[in-house]
Amino acid sequence: MPKNSKVTQREHSSEHVTESVADLLAHQEPVDYKRSVLNVAGESWDKQKEGDEELDAENRPAWNSKLQYILAQIGYSVGLGNVWRFPYLCQKNGGGAYLVPYLVLLIIIGLPLFFLELAVGQRIRRGSIGVWNYICPRLGGIGYASCLVCFFVGLYYNVIIGWSIFYFFKSFQYPLPWSECPIVKNGSVAVVETECERSSATTYFWYRETLDISNSISESGGLNWKMTLCLLVAWSLVGLAMIKGIQSSGKVMYFSSLFPYLVLVCFLVRGLLLRGAVDGIMHMFTPKLDKMLDPQVWREAATQVFFALGLGFGGVIAFSSYNKQDNNCHFDATLVSFINFFTSVLATLVVFAVLGFKANIMNEKCVVENAEKILGYLNTNVLSHDLIPPHVNFSHLTAKDYNEMYRVIMTVKEGHFKELGLDACLLEDELNKSVQGTGLAFIAFTEAMTHFPASPFWSVMFFLMLINLGLGSMIGTMSGITTPIIDTFKVRKEVFTVGCCIFAFVVGLIFVQRSGNYFVTMFDDYSATLPLTVVVILENIAVAWIYGTKKFMQELTEMLGFRPYQFYYYTWKYVSPICMAVLMTASIIQLGVSPPGYSAWIREEAAEKFLFYPTWAMAILISLIILASLPLPLVFILRQFHLVSDGSNALSVTYKKGRMMKDISNLEDNDETRFILSKVPSETPSPMPTHRSYLGPGSNSPMEMSSAPNGRYGSGYLLASTPESEL
Numbered sequence: 001m002p003k004n005s006k007v008t009q010r011e012h013s014s015e016h017v018t019e020s021v022a023d024l025l026a027h028q029e030p031v032d033y034k035r036s037v038l039n040v041a042g043e044s045w046d047k048q049k050e051g052d053e054e055l056d057a058e059n060r061p062a063w064n065s066k067l068q069y070i071l072a073q074i075g076y077s078v079g080l081g082n083v084w085r086f087p088y089l090c091q092k093n094g095g096g097a098y099l100v101p102y103l104v105l106l107i108i109i110g111l112p113l114f115f116l117e118l119a120v121g122q123r124i125r126r127g128s129i130g131v132w133n134y135i136c137p138r139l140g141g142i143g144y145a146s147c148l149v150c151f152f153v154g155l156y157y158n159v160i161i162g163w164s165i166f167y168f169f170k171s172f173q174y175p176l177p178w179s180e181c182p183i184v185k186n187g188s189v190a191v192v193e194t195e196c197e198r199s200s201a202t203t204y205f206w207y208r209e210t211l212d213i214s215n216s217i218s219e220s221g222g223l224n225w226k227m228t229l230c231l232l233v234a235w236s237l238v239g240l241a242m243i244k245g246i247q248s249s250g251k252v253m254y255f256s257s258l259f260p261y262l263v264l265v266c267f268l269v270r271g272l273l274l275r276g277a278v279d280g281i282m283h284m285f286t287p288k289l290d291k292m293l294d295p296q297v298w299r300e301a302a303t304q305v306f307f308a309l310g311l312g313f314g315g316v317i318a319f320s321s322y323n324k325q326d327n328n329c330h331f332d333a334t335l336v337s338f339i340n341f342f343t344s345v346l347a348t349l350v351v352f353a354v355l356g357f358k359a360n361i362m363n364e365k366c367v368v369e370n371a372e373k374i375l376g377y378l379n380t381n382v383l384s385h386d387l388i389p390p391h392v393n394f395s396h397l398t399a400k401d402y403n404e405m406y407r408v409i410m411t412v413k414e415g416h417f418k419e420l421g422l423d424a425c426l427l428e429d430e431l432n433k434s435v436q437g438t439g440l441a442f443i444a445f446t447e448a449m450t451h452f453p454a455s456p457f458w459s460v461m462f463f464l465m466l467i468n469l470g471l472g473s474m475i476g477t478m479s480g481i482t483t484p485i486i487d488t489f490k491v492r493k494e495v496f497t498v499g500c501c502i503f504a505f506v507v508g509l510i511f512v513q514r515s516g517n518y519f520v521t522m523f524d525d526y527s528a529t530l531p532l533t534v535v536v537i538l539e540n541i542a543v544a545w546i547y548g549t550k551k552f553m554q555e556l557t558e559m560l561g562f563r564p565y566q567f568y569y570y571t572w573k574y575v576s577p578i579c580m581a582v583l584m585t586a587s588i589i590q591l592g593v594s595p596p597g598y599s600a601w602i603r604e605e606a607a608e609k610f611l612f613y614p615t616w617a618m619a620i621l622i623s624l625i626i627l628a629s630l631p632l633p634l635v636f637i638l639r640q641f642h643l644v645s646d647g648s649n650a651l652s653v654t655y656k657k658g659r660m661m662k663d664i665s666n667l668e669d670n671d672e673t674r675f676i677l678s679k680v681p682s683e684t685p686s687p688m689p690t691h692r693s694y695l696g697p698g699s700n701s702p703m704e705m706s707s708a709p710n711g712r713y714g715s716g717y718l719l720a721s722t723p724e725s726e727l
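The opening residue of the sequence shown carries number 1 in UniProt numbering; numbering runs sequentially from there.
Written out as structure tokens, the structure reads:
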């Protein structure tokens with residue numbers, strides 16, 4: 001310490017000296033408060049701990065390139081939902097008209113909240129637990145709730161990857177095993193399997209050969225060993241991709257993010273060359289404008305936007321925390337959001353080009369079957385030959401000719417028409433058969449591919465695409481667990497990742513029972529929707545209303561080098577919280593109006609049947625929602641009443657040349673607000689001379705130190721790029 005410093009003078013003089021922390025900061029040489037006599041809390045100085053904290057930001061892994069990071073965010077946000085959920089919603093909710101509410105909600109909810117998560121992750125450079133502990137310790141439960149939801153989603157999401165792996169390996173044969181019904185021997189007679197004959201070959205293969213599904217959730221039926229093995233392979237792939245953090249997962253993303261686009265483009269080109277593809281696309285984008293006034297359409301669009309971008313899971317924050325602080329995360333948010341949207345539109349084009357082809361195939365099959373019925377009625381004189389138009393040729397019967405014949409017969413035989421059992425065979429009816437989720441991927445799409453030339457090749461490509469889409473999302477989901485836990489508790493990355501995958505595999509065995517598909521449905525419907533909505537609302541409130549929108553905008557200006565549009569100020573502060581609150585209310589009402597249930601496959605009927613969950617399953621369902629939401633009130637209560645530390649236990653400030661770290665606690669509420677959130681100068685004027693660079697109650701924001709003389713990161717006293725590990 002300099003000989004002329006006030007502290008040295010006090011030691012050699014009896015004169016009373018009054019000084020403040022601000023006076024100490026005025027010295028030209030760095031002062032370590034923990035090692036000085038001003039350590040009023042009596043905190044012991046741990047050199048090793050201090051060194052670890054100081055080097056933490058410098059040693060934090062980083063993306064090898066901007067491209068790698070963008071591909072990781074795209075791989076995480078673009079998932080299975082883009083392929084099998086968005087097309088279904090588009091068809092169900094007005095075709096092309098559905099794109100309008102979706103795009104509006106993407107701009108006023110999706111983009112601002114996605115940008116918010118990217119910004120806080122990049123600014124604080126921590127996982128979800130550390131970020132929300134730092135911004136508002138009392139809302140630190142947000143990070144823990146995100147981790148729990150990620151765990152629940154990861155459990156069943158990887159089962160879907162397991163199903164895709166099973167179909168992938170089954171695709172290496174010709175003909176495809178789901179192209180025809182199996183033949184069974186009944187004594188000396190060979191007959192078609194009854195369950196398959198009453199449904200279809202692809203439906204039978206899905207429910208019986210793949211899942212070997214039971215009739216209800218109450219009938220466990222034991223483990224399905226084929227699916228158990230596929231689930232083990234799926235978790236092994238995730239573990240290998242995650243074991244080295246972004247060093248390993250980042251490289252995986254080059255393939256898992258780009259390959260699905262290659263497959264989608266190939267499928268689109270091939271699909272457009274198929275007969276009937278244009279019918280499917282025209283049906284898809286024919287707008288039903290009256291649907292735009294339906295509140296249910298807007299609710300489903302908001303939910304899809306919410307989940308499509310992966311908001312609230314913590315994966316977005318985890319990925320952005322590995323960025324440099326001057327990275328333009330606003331550009332990233334806009335780019336990824338609209339790539340996600342255009343991917344959904346591309347996938348919709350592919351799906352309905354293929355389903356249009358399938359609809360034509362099924363319509364032709366219908367025409368042939370009903371034409372045979374009519375010929376039978378003509379031969380038995382049930383119908384008169386005079387009813388058949390002269391130009392109709394049964395050997396080359398077109399759908400148009402059949403429809404004309406059908407209308408004539410229906411008009412003449414009006415009283416007895418139902419007894420004939422004839423179908424209308426309208427292409428529109430086939431196109432209106434809505435399918436989503438597993439029904440689209442493993443039944444409708446697989447059936448269409450059986451009619452493709454070189455069908456095994458297309459099947460291999462399709463299921464390899466699903467595996468990569470799922471793997472990209474799983475890496476982001478698992479990062480939402482591993483990054484905050486490793487940041488907060490300093491566990492070994494490799495050990496924790498392997499342990500997490502093994503534990504998840506063991507718990508995930510519930511999904512590979514014969515009744516496992518019903519548990520997948522339960523977790524998909526109820527484990528994430530409501531808890532995540534609450535999480536994102538609290539994230540928005542924590543930044544916009546507790547931390548302060550103006551303050552956050554100032555920090556973004558310092559971090560990005562430009563001021564974000566005022567649009568974000570109003571959406572963060574008013575529009576997004578209101579919209580999310582409406583969405584949460586609508587979700588709760590929907591849960592109350594729609595009784596919890598699931599579609600069970602009844603073997604004897606070879607058909608699906610809606611069943612209500614039994615009491616014990618309802619208890620599991622409610623427990624999932626409560627458990628995922630529990631950290632939010634629990635952490636708030638514990639920290640509100642000081643039952644646990646908010647991350648530190650002493651007022652200590654450590655300064656080094658070019659770097660500053662702070663650790664504040666045990667302050668009154670006003671003091672805590674002043675130090676952590678920083679009041680504006682008019683409210684708490686700084687005791688420091690104006691020429692000093694000092695972060696204290698009088699500064700505009702914790703990032704104000706960036707205006708050091710030597711550029712953005714000059715040699716003045718700067719705020720550390722990351723908070724201390726305890727925050």
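A virtual CB, placed ideally from N, CA and C, is assigned to each residue, including glycine.
The model shown is predicted, which means the values in this text are computed figures rather than measured ones.
Cβ neighbour criterion (16 or more within 10 Å) applied to residue i
{"i": "N126", "result": "Correcting the residue type first, residue 126 is Arg in the shown sequence and not Asn. Classification for R126: buried."}
{"i": "D386", "result": "exposed"}
{"i": "N432", "result": "exposed"}
{"i": "Y76", "result": "buried"}
{"i": "R639", "result": "buried"}
{"i": "F511", "result": "buried"}
{"i": "E117", "result": "buried"}
{"i": "K170", "result": "buried"}
{"i": "F641", "result": "exposed"}
{"i": "Y406", "result": "buried"}
{"i": "residue 811", "result": "Lying before the first or after the last residue shown, residue 811 is absent from the chain, which here runs from 1 to 727."}
{"i": "D290", "result": "exposed"}
{"i": "C501", "result": "buried"}
{"i": "S599", "result": "exposed"}
{"i": "K47", "result": "Low confidence applies here, because K47 scores a pLDDT of 46, under 50, leaving its location unreliable; read the following figure in that light. The residue in question, K47, is exposed, as its Cβ has fewer than 16 Cβ neighbours within 10 Å."}
{"i": "E197", "result": "exposed"}
{"i": "L375", "result": "exposed"}
{"i": "S515", "result": "buried"}
{"i": "E428", "result": "exposed"}
{"i": "F541", "result": "Position check: residue 541 holds Ile in this sequence, whereas Phe was assumed. By the neighbour-count rule (16 or more Cβ atoms within 10 Å), I541 is buried."}
{"i": "S594", "result": "exposed"}
{"i": "L471", "result": "buried"}
{"i": "Y565", "result": "exposed"}
Nearest-angstrom beta carbon gap, residue j and residue i [assumed within contact, 8 angstroms]
{"i": "N340", "j": "L560", "result": "Rounded, the Cβ-Cβ distance is 22 angstroms, inconsistent with contact."}
{"i": "I135", "j": "V543", "result": "7 angstroms"}
{"i": "L272", "j": "A353", "result": "6 angstroms"}
{"i": "Y569", "j": "M553", "result": "6 angstroms"}
{"i": "A145", "j": "P531", "result": "6 angstroms"}
{"i": "T348", "j": "P87", "result": "4 angstroms"}
{"i": "I246", "j": "V535", "result": "I246 to V535, Cβ: 23 angstroms. No contact."}
{"i": "D332", "j": "I70", "result": "7 angstroms"}
{"i": "L479", "j": "F319", "result": "In the sequence as displayed, the identity of residue 479 is Ser instead of Leu. At roughly 6 angstroms, the Cβ-Cβ gap stays under 8 angstroms, so S479 and F319 are in contact."}
Counterpart residues of residue i in DSSP-defined beta bridges
{"i": "L611", "result": "Y598"}
{"i": "I183", "result": "V192"}
{"i": "Q513", "result": "L223"}
**Request:** Go through the region 187-268 residue by residue and report every complete run of the alpha helix (DSSP H) that reaches 4 residues or more, in order.
**Result:** 194-198, 201-204 and 225-242
**Asked** Which runs of the alpha helix (DSSP H), 4 residues or longer, sit entirely within the region 306-383?
**Response** 315-320 and 329-379
**Request:** For the region 154-171 and the region 355-365, state whether three or more C-beta atom pairs, one from each stretch, are separated by less than 8 angstroms.
**Result:** no
**Message:** Measuring CB atoms only, is the region 307-325 touching the region 119-137, in the sense that at least three cross pairs come out at less than 8 angstroms?
**Reply:** yes
**Request:** May I ask you to verify whether the region 298-310 touches the region 104-116, counting CB pairs closer than 8 angstroms and requiring at least 3?
**Result:** yes
**Request:** Would you check if there are 3 or more beta carbon pairs closer than 8 angstroms linking the region 612-625 to the region 525-543?
**Result:** yes
**Prompt:** So does the region 174-186 actually touch the region 448-456, counting three or more Cβ pairs closer than 8 angstroms?
**Reply:** yes
**Prompt:** Using 8 angstroms as the threshold, is the region 298-305 in touch with the region 578-593, meaning 3 or more CB pairs across them?
**Reply:** yes
**Asked** On the three-pair Cβ rule with 8 angstroms, is the region 237-244 touching the region 486-499?
**Response** yes
**Secondary structure, alpha helix (DSSP H): runs of 4+ residues fully inside the region 264-294** = 277-285
**Request:** Could I get the ranges of all uninterrupted alpha helix (DSSP H) runs contained in the region 510-573, with 4 residues as the minimum, in chain order?
**Result:** 516-526, 529-541, 549-560 and 566-570
**Request:** Please confirm if the region 224-234 is in contact with the region 416-430, defined as three or more CB-CB distances below 8 angstroms between the two stretches.
**Result:** no
**Runs of alpha helix (DSSP H) wholly within the region 452-500 (minimum 4 residues, chain order)** = 455-489
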